[in-house]
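J.:
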Amino acid sequence: MPAETLGSPRTMHDRMLAGEPYAVDRDLTTRADRAADLAATYAATPASARDTRRSLLEDLLGQVGTDVEVRGPLRVGLGEQLRLGDRVVVAGGLVVEDAAPVTVGDDVRIGHDVRLLTVTLPLDAGQRRDGWRVARPVTIGPDVWLGDGVTVLPGVTIGAGTVVGAGSVVTRDLPAGVLAVGNPAAVIRQLVAG
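Residue numbers for the sequence shown follow the UniProt record's numbering, beginning at 1 and rising by one.
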């Protein structure tokens with residue numbers, strides 16, 4: 001454990017929630033283990049057991065809107081900072097590293113094997129060796145469609161109605177109502193509101 005934590009009244013969890021540099025400690029590991037166990041139970045629960053699956057999602061995530069459908073496996077860091085709006089549909093294989101808030105707006109569609117990442121490591125090798133990291137929030141606006149295999153990096157906001165093409169890596173904010181593709185994702189055209 002990093003020396004800076006000795007005698008500190010603030011936990012690493014507190015530091016993480018405040019958006020400050022933090023390192024993984026026993027408490028964060030316990031929280032991550034709980035999330036992994038709940039996610040594994042969710043994945044093993046038949047799709048026809050809708051009420052049970054809904055209850056598991058509510059136990060796992062910070063917020064679950066109405067008529068949310070998460071198919072297939074789901075992996076989260078802690079789960080507590082992931083908020084899914086109403087009528088969100090996830091195709092399966094979603095990975096969410098939620099050390100910072102991850103907010104998914106209403107009517108979002110998420111393809112297979114999408115990654116929403118919040119954690120970045122320091123460039124300094126010594127700080128990395130000591131386990132330090134920092135988390136930045138990810139925000140997905142309403143009516144967004146993230147194609148299969150999209151990766152969204154820490155600190156990114158994607159505007160309402162935007163479509164991100166399959167396999168794209170979103171490294172910077174995207175405005176509302178555009179089609180973006182590539183690595184890094186670039187806007188290729190404005191979408192017509194429908």
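In this text, a Cβ means the ideal position worked out from N, Cα and C, and glycines have one as well.
For E69, which three-state DSSP category applies?
T.: Your numbering for residue 69 matches position 69 in the sequence shown. Reduced to three states, the DSSP call for E69 is strand.
J.: Let's see if you can read the secondary structure: which residues bound the alpha helix (DSSP H) around V38?
T.: As a position in the sequence shown, residue 38 is number 38, starting the count at 1. The identity of residue 38 in the sequence shown is Leu, whereas the question assumes Val. Residues 26-44.
J.: Grouping DSSP H, G and I as helix and E and B as strand, with all else coil, what is R75?
T.: Here residue 75 refers to the residue found at position 75 of the sequence shown. Three-state result, R75: strand.
J.: Using the three-state DSSP reduction, which class does R172 fall into: helix, strand or coil?
T.: On the sequence shown, residue 172 is found 172 positions in, with the first residue counted as 1. Residue state, collapsed to three classes: coil.
J.: Expressed to the nearest angstrom, what Euclidean distance is found between the alpha-carbon atoms of A91 and D37?
T.: The sequence position of residue 91 within the sequence shown is 91, counting from 1. The sequence position of residue 37 within the sequence shown is 37, counting from 1. The straight-line gap from Cα to Cα measures roughly 21 Å.
J.: Between the C-alpha atoms of R136 and D98, what's the straight-line distance to the nearest angstrom?
T.: For this step, residue 136 is matched to residue 136 along the sequence shown. For this step, residue 98 is matched to residue 98 along the sequence shown. Distance between the alpha carbons of R136 and D98: 9 Å.
J.: With distances taken Cα to Cα, identify the nearest neighbour of A47 among G161, G72, R109.
T.: Along the sequence shown, read from residue 1 onward, the residue named residue 47 stands at position 47. Of G161, G72, R109, the residue nearest in Cα terms is G72.
J.: Using alpha carbons as the reference points, say which of T11, V156, L191, A125 lies closest to A185.
T.: Taking the sequence shown and counting its residues from 1, one reaches residue 185 at position 185. A185 has its Cα closest to that of V156, out of T11, V156, L191, A125.
J.: Output the distance between the C-alpha atoms of A49 and P122, rounded to the nearest integer angstrom.
T.: Taking the first residue of the sequence shown as position 1, residue 49 is located at position 49. Taking the first residue of the sequence shown as position 1, residue 122 is located at position 122. Approximately 43 Å between the Cα atoms of the pair.
J.: In the DSSP assignment, find the unbroken beta strand (DSSP E) run with T103 in it and report its ends.
T.: Your numbering for residue 103 matches position 103 in the sequence shown. Residues 102-104.
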